[in-house]
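Worksheet for the structure shown next.
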């Protein structure tokens, strides 16, 4: 079967895009490896109508609703490679099979690269977070520790003062200028210069000098990169942002490769479920528009002669 659209990545952005397309009665192949970025979190917050609901439940309900549309095909798998061009893309699978489509939509998400602090990864999504709008309220205005990771940690520390008492644990990862120190102190942020040895218990930070600092929760500014190399392999331009690397897209969710679109965390920042769903819905509509009004190359002088 030659699909109208092949979507790689069946999390929130990919499903939101698929919903617009199947409601336009377009044939959609969704290929998903089942690795949602927020799979480590027990509950999702800040998503209107779904606040406090486990993220797996949100995703499962969305998937059930999508599967009610007869023009959707869902495939649980990974993609090996994508070749071809607009209207004639071929998606190759690890088992040697292949699928054809007119448009490609990449919603593959990103991978969070955490600071190399012992005990931090094990608490990721439980007592260590990155988004205050997603998890700050549950801290209950308690004591918040910011594990230094990049210059973004300064902004994160200033922002989180609306959610509790904040301590920035520099940990040798943040270069604090005098202006930055003044801004942090003005917001009431405590600055801890000592190196972190490890994280234990709920959110206890053991410093290299032996002190133990206990927090209600910890935040850190992760660096992100695309979870799949497909976009780069297809020739899509990437760009650097303060949060990491993402696929470059325009206002219509188009990448630098004709017929290839991208949405969700892999194509925009900042990141949250709400923002991914909104961006995915818009991307789905833009992909549909491209099927109605395909891009046509501007003819050269020779091609334009009669």
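Residue numbers (the UniProt record's numbering): 1 to 306.
All residues carry an ideal CB built from backbone N, CA and C; glycine is no exception.
Practice prompt. Express the C-alpha separation of residue 119 and residue 208 in angstroms, rounding to a whole number.
Written response: 14 Å
Discussion item. Residues in the same chain with beta-carbon distance under 7 Å from residue 71, minus the five sequence neighbours each way, listed in chain order, please.
Written reply: 22, 25, 26, 27, 28
Worksheet item: Tell me the DSSP bridge mates of residue 212?
Response: 206
Discussion item. Can you check whether the C-beta of residue 206 is within less than 8 Å of a C-beta belonging to chain C?
Written reply: Any reference to chain C falls outside this structure, which holds one protein chain only.
Item to complete: Mark residue 91 as exposed unless 16 or more other C-beta atoms lie within 10 angstroms of its C-beta, in which case mark it buried.
Response: buried
Worksheet item: Apart from the five residues on each side of it in sequence, which residues of its chain come closer than 6 Å, Cβ to Cβ, to residue 74?
Response: 30
Worksheet item: Nearest-angstrom Cα distance between residue 12 and residue 59?
Response: 7 Å
Worksheet item: Taking the DSSP output, what are the residues bridged to residue 245?
Response: 240
Practice prompt. Name, in chain order, the residues that DSSP records as bridge partners for residue 111.
Written response: 225
Discussion item. Please tell me whether residue 201 and residue 139 are closer than 8 Å, where the distance is taken between their beta carbons.
Written reply: no
Fill in: Counted within 10 angstroms of its Cβ, other Cβ atoms place residue 163 as buried (16 or more) or exposed
buried
Worksheet item: Considering only C-alpha positions, which residue in the set 84, 204, 167 is nearest to residue 141?
Response: 167
Discussion item. By the three-class DSSP mapping on this structure, what secondary structure does residue 29 have?
Written reply: strand
Worksheet item: Around the Cβ of residue 10, are there at least 16 other Cβ atoms within 10 angstroms (buried) or fewer (exposed)?
Response: buried
Worksheet entry | Pair within 8 Å by beta-carbon distance, residue 234 and residue 257 | yes
Fill in: Cβ-Cβ distance between residue 156 and residue 219 below 8 Å
yes
Worksheet item: Where residue 237 and residue 38 are concerned, what is the direct C-alpha to C-alpha distance, given to the nearest angstrom?
Response: 26 Å
Worksheet item: What are the boundary residues of the alpha helix (DSSP H) that includes residue 11?
Response: Element bounds for residue 11: n/a, residue is neither H nor E.
Practice prompt. Would you grab the beta carbon distance between residue 113 and residue 225 for me? Rounded to a whole angstrom, and I think it's under 8 Å.
Written response: 7 Å
Discussion item. What does the Cβ neighbour count give for residue 228, buried or exposed, with the cut at 16 atoms within 10 Å?
Written reply: buried
Worksheet entry | Contacting residues, own chain, Cβ-Cβ under 7 Å from residue 94 (five flanking each side not counted) | 78, 80
Worksheet entry | The alpha helix (DSSP H) enclosing residue 130, as first and last residue numbers | Residue 130 -> no alpha helix (DSSP H), and no H or E assigned at all.
Item to complete: Quickly, what does DSSP pair residue 308 with across the bridge? List them, please.
Response: Since the first and last residues shown for the chain are 1 and 306, residue 308 lies out of range.
Worksheet item: If you draw a straight line from the alpha carbon of residue 8 to that of residue 14, how long is it in whole angstroms?
Response: 7 Å
Worksheet item: Applying the criterion that 16 or more other CB atoms from any shown protein chain within 10 Å of the CB defines a buried residue, is residue 61 buried or exposed?
Response: exposed
Worksheet item: Cα separation between residue 213 and residue 189?
Response: 15 Å
Practice prompt. Look at the Cβ atom of residue 66, then the Cβ atom of residue 18, and state whether they are nearer than 8 Å.
Written response: yes
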